[in-house]
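Colleague: Numbering (this note's numbering), first residue to last: -3 to 66.
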């Protein structure tokens, strides 16, 4: 998962998968869900993100992270 904030457009894109988007659906004003060709959710685009979210802090809980060999 990748979080990409674009300050020039005040948009936040949450990439959930590396698969390309084939379809999109606006589920709320300025919130668009992207789906791949198989209908699986691949990303979330949030316009005017700083007005909808607190972008000053990112907290994670119980994220399954595996150590990688160096």
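Just so you know, even glycine gets a beta-carbon here, dropped at the ideal spot from N, CA and C.
Let me check understanding here. Comparing Cα to Cα, which of 39, 51 and 55 lies closest to residue 18?
Modeller: Of the candidates 39, 51 and 55, the one whose C-alpha sits nearest the C-alpha of residue 18 is 39.
Colleague: Since residue 38 sits in a beta bridge, which residues does DSSP pair it with?
Modeller: Residue 38 is not bridged to any residue.
Colleague: Which residues in the same chain as residue 32 place their Cβ atom closer than 6 Å to its Cβ, once the five residues preceding and following it in sequence are excluded?
Modeller: Within the same chain, residue 32 has close Cβ partners 15, 18 and 38.
Colleague: Is residue 41 near residue 7, with beta carbons less than 8 Å apart?
Modeller: It is a contact, given that the beta carbons lie within the stated cut-off.
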